[in-house]
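*Asks:*
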Amino acid sequence: MDEMKALRENRAPAWLVALTVVAPIAVIAAQWFGFAYSPTAEDFQDSQKIMYVHVPAAWNAFLAFFVVFWASVVYLIKRTERSDLLAASAAEIGALFTGLTLVLGSIWGRWAWGVWWTWDARLTSTAVLFIIFIGYLSLRSFTEDPERRATWSAGVGIFGALNVPIVYMSVRWWRTLHQTQSTPETLTPIYKWALRANAIAFLIVLIVFIAWRYRAARIERRAEALHEEAVLEGGQLHA
Amino acid sequence: MPDAANVWNYVIAAYAVTWVGLIGYSVRLWVLTRRAKDTAAELGGEG
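Chains A and B are the protein sequences, given in the same order.
Take numbering that gives the first Met the number 0: the last position of the first sequence gets the number 238, and nothing is skipped along the way.
Take numbering that gives the first Met the number 0: the last position of the second sequence gets the number 46, and nothing is skipped along the way.
(1) Assuming the contact rule is C-beta atoms closer than 8 Å, T97 of chain A and A153 of chain A should be a hit. Round their C-beta distance to whole Å, please.
(2) How is Q44 of chain A classed by DSSP in three states: helix, strand or coil?
(3) In chain A, which residues lie with their C-beta within 8 Å of the C-beta of V16 of chain B?
(4) So, are the CB atoms of A160 of chain A and F64 of chain A less than 8 Å apart?
(5) Around the Cβ of S46 of chain A, are there at least 16 other Cβ atoms within 10 angstroms (buried) or fewer (exposed)?
(6) Specify the secondary structure class of A29 of chain A as computed by DSSP and reduced to three states.
(7) Leaving out the 5 sequence neighbours to the left and right, which residues in its chain are closer than 8 Å to K36 of chain B when beta-carbon positions are compared?
(8) If you compare alpha carbons, which of A:V166, A:F158, A:A222, A:E232 is closest to A40 of chain B?
(9) Measuring alpha carbon to alpha carbon, tell me which of A:F34, A:L99, A:A57, A:V20 ends up nearest Y24 of chain B.
(10) For Q44 of chain A, which residues in chain B fall below 7 Å Cβ to Cβ?
(11) Cα separation between E146 of chain A and H226 of chain A?
(12) Quick check on the burial criterion: 16 or more other C-beta atoms within 10 angstroms. Buried or exposed for F43 of chain A?
(13) Out of A:A149, A:A196, A:A56, A:A17, which one is the CA nearest neighbour of A13 of chain B?
(14) Let's see if you can read the secondary structure: which residues bound the alpha helix (DSSP H) around V127 of chain A?
(15) Could you check whether the segment 206 to 224 of chain A touches the segment 10 to 29 of chain A, counting it as contact only if at least three pairs of C-beta atoms, one from each stretch, sit closer than 8 Å?
(16) Could you pull out every residue in the same chain whose Cβ sits closer than 7 Å to the Cβ of F129 of chain A, ignoring the five residues on either side in sequence?
(17) Under 7 Å between beta-carbons, which chain B residues line up against H226 of chain A? List them in chain order, please.
(18) Shorter than 7 Å, the distance from the beta carbon of A153 of chain A to the closest heavy atom of the ligand SAM, or not?
Next comes the structure, spelled out in structure tokens:
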């Protein structure tokens, strides 16, 4: 059981340890930059500082769901455990970031619009996306057979990720309350750079979270598989 | 436009929620990693 021993003593790769240290520093530095250098906006006053967490959370949730889509397609083609675990890891962090997006948007909306929630196209489509991925995670926890769980969740993951373009385009297709996307051309440079700095910091957090989640899932799955193999062979379990 | 005086309450609430979410999930990842290694130890005969 050398492999089992290796799993127990499994150390995270150096790049992941380094990024884990960098991630909180990057988030603090980006937020400090946003607070220190972006002036009070004329229209939204200091509430625009909420955008430095709300928008990066949304962008990175979309990225996480792109990973879910890609890994789910790979799973359906190649049937590899790694792609299933990667999709599941990305889905969990995507759901976390979507939840953050909704709560942060709600806080901003309460100040700017006077309501915590409204059935606006962008808000509603984002809520639907969030519910789909909560369903995805529930499906995984309720399905015991690994192959069935992976196949079903790949289907739900692809379906859920296909909602991302709908969420993105909702502000253009249905002109309701939520403003349309800002572009680098429509933003004052200092706001643009504050937003980019926070988006990059959140991207580092996203990579770190997915990598650790994937790693934990993989250690557990490999340990269980090795144990099953040892039981079937009636072999020695002890390291 | 809404009251500018209380805007900072909302900004602080938003950043607090963000940090609670990020730190909370980091704790979950730490617990999951520990649990996975414990499972490997138990199944390997050191439980």
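Every residue, glycine too, gets a C-beta built ideally from N, C-alpha and C.
On a predicted model such as this, the values are computed, not experimentally measured, just so you know.
*Replies:* Short version:
(1) No, T97 of chain A and A153 of chain A are not in contact; Cβ-Cβ is about 19 Å, not under 8 Å.
(2) strand
(3) L99, V102, L103, I106
(4) yes
(5) buried
(6) helix
(7) none
(8) A:A222
(9) A:L99
(10) A3, V6
(11) 18 Å
(12) buried
(13) A:A56
(14) 120 to 141
(15) yes
(16) A94, T97, G98, L101
(17) L42
(18) Ligands displayed in this structure: none; no statement on the ligand SAM is therefore possible.
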